Amino acid sequence: MTYKVAKMMITNGNYDKEDMLKKLDVFLLGNRITQDQYTELVGLMNVAA
1299 MTYKVAKMMI TNGNYDKEDM LKKLDVFLLG NRITQDQYTE LVGLMNVAA
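Numbering-wise (the working numbering), the sequence shown opens with residue 1299 and increments by one.
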């Protein structure tokens, strides 16, 4: 669920990059998302930037 919501926010452009990176770091450390999901989401932000 966390992954789907984060991906939707990123693809819609509805986020602040620095804030989202911090959240993704916390989600990864808390095992809310996998390393592969983290890499994908960060990649999506870099493409959108």
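For every residue, glycine included, the Cβ atom is placed at its ideal position computed from N, Cα and C.
Note that the coordinates shown come from a computational prediction; the quantities given were computed from them, not determined experimentally.
Chain-order list of residues whose beta-carbon lies under 8 Å from that of residue i (same chain, five-residue window excluded)
{"i": "V1340", "result": "L1319 and L1322"}
{"i": "I1308", "result": "M1318, L1339, L1342, M1343 and A1346"}
Supposed close pair residue i, residue j - CB separation, criterion 8 Å
{"i": "M1343", "j": "K1305", "result": "Not quite, the Cβ-Cβ distance comes to about 11 Å (not below 8 Å), so this is no contact."}
Rounded separation between residue i and residue j - CA only
{"i": "R1330", "j": "T1300", "result": "7 Å"}
{"i": "Y1336", "j": "N1310", "result": "17 Å"}
{"i": "V1324", "j": "Q1333", "result": "12 Å"}
Cβ neighbours of residue i in the same chain (closer than 6 Å, five flanking residues each side left out)
{"i": "Y1313", "result": "M1307"}
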